[in-house]
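The next block holds one structure in the form of structure tokens; read it before the comments.
2 protein chains.
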Amino acid sequence: MKKQRHSIKDIASALNVSVTTVSFIINGKAKEKRISEKVTKKVLAYIDEINYKPNQLAQSLRTGQSKIIVFMVEDISNYFFARLARIIEDIAYEKGYKVLFCSNDNEDKKSEELIALFKDRQVDGYIIIPSSGIKGTIKNLLDENIPLILFDRYFEDLPTNYVVIDNEEATLNATNHLIENKFKNIAFVTTDVEQTQMLSRLSGYKKAVGQKQLHEIVLKIPYNAKPVNRKAIIKDFIINNPEVDAVFFATNYLTQDGISVIKEGFPSLLSKLGIITFDDNTLYEIFTPSISAVAQPLEEICGTLMSMMLKLLKKKEDQKVEKVVLNAKLLVRESSLPK
Amino acid sequence: MKKQRHSIKDIASALNVSVTTVSFIINGKAKEKRISEKVTKKVLAYIDEINYKPNQLAQSLRTGQSKIIVFMVEDISNYFFARLARIIEDIAYEKGYKVLFCSNDNEDKKSEELIALFKDRQVDGYIIIPSSGIKGTIKNLLDENIPLILFDRYFEDLPTNYVVIDNEEATLNATNHLIENKFKNIAFVTTDVEQTQMLSRLSGYKKAVGQKQLHEIVLKIPYNAKPVNRKAIIKDFIINNPEVDAVFFATNYLTQDGISVIKEGFPSLLSKLGIITFDDNTLYEIFTPSISAVAQPLEEICGTLMSMMLKLLKKKEDQKVEKVVLNAKLLVRESSLPK
DNA sequence: ATAATTTGCTAAAACGATTTATTAATTAGT
DNA sequence: ACTAATTAATAAATCGTTTTAGCAAATTAT
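For the protein sequence lines, the chains are A and B, in the order given. So in the numbering used here, spot 283 of the first sequence is number 283, and the numbers just go up one at a time. If you count the second sequence from 1, you need to add 1000 to reach the numbering used here.
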């Protein structure tokens, strides 16, 4: 019952031409290779008739091109990454590429395992959110001249292509927005990971409060802390800093923890506190109060990533390293307006 | 500078043995094929030394196994699907499989294009949320004896493996919960797609209100309506049905639309109305009021899917069709409790 | 009429593995 | 001492493409 898959060989023998001829025709090299109009038509017609589709595996083996790219993020179930994934997917499929998505949980071991895995599979290119300690592995990819783009964060001293947003500018603006709306004691809740994106976000906040001579109130939560512990830390922080009238959460899971703590422990604060979060979520819009967010330009990020990738895939040699910095946008909602 | 990738041939010639011998050893058939202990050790040592990894493409071409499975959902950026994807990813990678995720937007054309695409790539198995009109395509996969599991919904008259939840039971319970909490006029907001999951959800609701002799108040929103139009429809519905004291949203994007409409147009209703939504989201917990949700057992669904898939991949012949129905869980939060 | 080109097509190698069939060298059996 | 069985290894076919190198026939040039 199993339907027969056709191969070039089948076509060739059915039409009494050579495999070479068929291959040339399929690959649009008929004219260039001087295959007669007559034969070309015959073959194309037959291909159409039996609905022949080349075996991609064989093609890949021969050409060394798998037509697969890797998109590695922290956690594909996270809203921000999932949105990116979807946009990348659409562009890639349109261009004839398939995408292997994977999550590294921002862990070096996972990142390295995954990269090793993909190498055996002759993946054509990598778009990666690197965990902090895989500079070596990234450098290897670089040395092997494999198409590679980092995004969201990067390594200062590694000449890689990357696409990031101007995190400092983003938090600077957002913090200023809070200041303009009369918030005086703005806390910045972030993690302790020393990656470029987080450092820039912190630095933007510091710049803003510094310029206005306000107090820096920073809470760094250990990256590996479990949700319960993170919440406990935030709760303590709120108790110990009663002067705080606004909170800037540097990443979305912290926002979630923070709001949860406030809702449980200090419900009256929810409408009083100024709140801004980094990375938007559709649901923030329908929160009560709706939550202001720094939104990354998802389409633009993905568009840039993919057009860079396609360029890299075309000609692998002597390409200049491209560093792209895009701008985030502050979505002002109720939570950051005067109360 | 490009690092040389090693092939079996390289190993063979470096050690003065045949390619066959090396292959046997790599595949653990040394004893079975009577390769001497001595040669085996030598080869293994060398493989380890140069860190040889077989070329998966070549392997796949020869064996017909790509070690790739497809996971097709409506939209990978949707929270529910993204969560599933992540869990599937973890299980698959652990078992040596890679996953091609893709989104069909519940459109037949996309689904069919994607499936056609993957066939050329010799994908080993498919886990699919089918759009409503691809019964034919699914049947073809079935006839070709390709490992296939549908989930979330299925075709009544097609003997496919599937994993779904008991939607009827879920909405029946959830509706009863509203009734027990004194809500009398419970609206059910759903879409007009005639797929098994949506029909069952509706039927569970109808059963519940029927048993208690309450009014059926059902709003079916065209699946293809744009968010703006969906909201307009919901708004009209609210205006025209002032008796409604609770709303059951049959799927998560409708919840979003609904809350948005309520927040904008009828803010006082938000705390008065009973609300339940289908499919949970971490953020619902920290909403004000927190939103009660019917939560599907994600881990269980994915675990079942993958163990079924691995079984299918092992021995392709004469397998019984498996139909698994799991139970959802009602997460009771503020929105469905008495006011 | 002969040499040089052009046209139309193809044989065969290659990609990197797996697997079947076979060979050569030992060892065991009688 | 001669056959049978076992051990150790390998040559070659295969998966389905792409691509290089080349051949024969037809055409053009001289």
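Note that beta-carbon positions come from the ideal geometry of N, C-alpha and C, so glycine has one too.
Within the same chain, and ignoring the five residues on either side of R153(A) in sequence, the residues whose Cβ sits closer than 6 Å to its Cβ are Q195, T196 and Q197.
Distance from the Cα of N1181(B) is smallest, within the candidate group I1238(B), L1084(B), S1335(B) and L1202(B), for S1335(B). About 6 Å separates the CB atoms of A82(A) and I76(A); that is less than 8 Å, so the two are in contact. DSSP places N161(A) in the uninterrupted beta strand (DSSP E) bounded by N161 to I165.
When DSSP reads this structure, A1246(B) sits in a beta bridge with I1186(B) and G1274(B).
Residues of chain A whose Cβ lies closer than 8 Å to the Cβ of N1281(B) are, in chain order, L283.
Taking 7 Å as the upper bound on Cβ-Cβ separation, chain B lies near residues S66, D75, I76, S77, Y79, A82, R83, A85 and R86 of the region 63-86 of chain A.
I1275(B) and L1219(B) have their alpha carbons spaced roughly 15 Å apart. Identification of chain A residues near K1320(B) by a Cβ-Cβ cut-off of 8 Å yields none; the smallest Cβ-Cβ distance measures about 17 Å. Between V1164(B) and V1325(B), the gap from beta carbon to beta carbon is short of 9 Å. Close to I134(A), with beta-carbon spacing below 8 Å, lies no residue of chain B; the smallest spacing is near 17 Å.
Y1079(B) sits in a helix when the DSSP states are folded into three classes. Scanning its chain for C-beta atoms nearer than 6 Å, with the 5 sequence neighbours on each side dropped, one finds around R230(A) the residues I221 and D257, in chain order. In this structure, DSSP gives K119(A) a helical state, which the three-state scheme calls helix. Residues F1024 of the same chain have their beta carbon placed closer than 7 Å to that of K1033(B), with the five preceding and five following residues left out of the count. Contact of A208(A) with chain B is not assigned, every C-beta pair being separated by 9 Å or more.
For the 9 Å CB-CB criterion, T277(A) and F249(A) form a contact. With respect to chain A, the C-beta atom of F1101(B) has a partner C-beta closer than 9 Å.
Around the beta-carbon of I1239(B), fewer than 16 other beta-carbon atoms lie within 10 Å, marking it exposed.
The C-alpha of I233(A) lies about 36 Å from the C-alpha of V70(A). Using a Cβ distance threshold of 9 Å, F151(A) and L305(A) count as a contacting pair.
DSSP places S200(A) in the uninterrupted alpha helix (DSSP H) bounded by T196 to Q211. At a cut-off of 9 Å between beta-carbon atoms, D1120(B) makes contact with chain A.
Taking 9 Å as the CB threshold, L337(A) stays off the interface with chain B. For a Cβ distance threshold of 8 Å, residue set T282, L283 and I286 of chain A lies close to Q1256(B), ordered along the chain. Here DSSP, grouped into helix, strand and coil, assigns F1237(B) to helix. Beta-bridge partners of G1125(B) (DSSP): I1069(B).
Here A1208(B) has L1172, T1175 and N1176 as same chain residues with Cβ atoms under 6 Å from its own Cβ, once five neighbours each way along the sequence are excluded. In the displayed model, L1141(B) falls within a helix according to three-state DSSP.
If you compare the alpha carbons of L1084(B), Q1056(B) and I1035(B) with that of E1300(B), the shortest gap goes to L1084(B). In the three-state scheme derived from DSSP, where H, G and I count as helix and E and B as strand, A12(A) is classed as helix.
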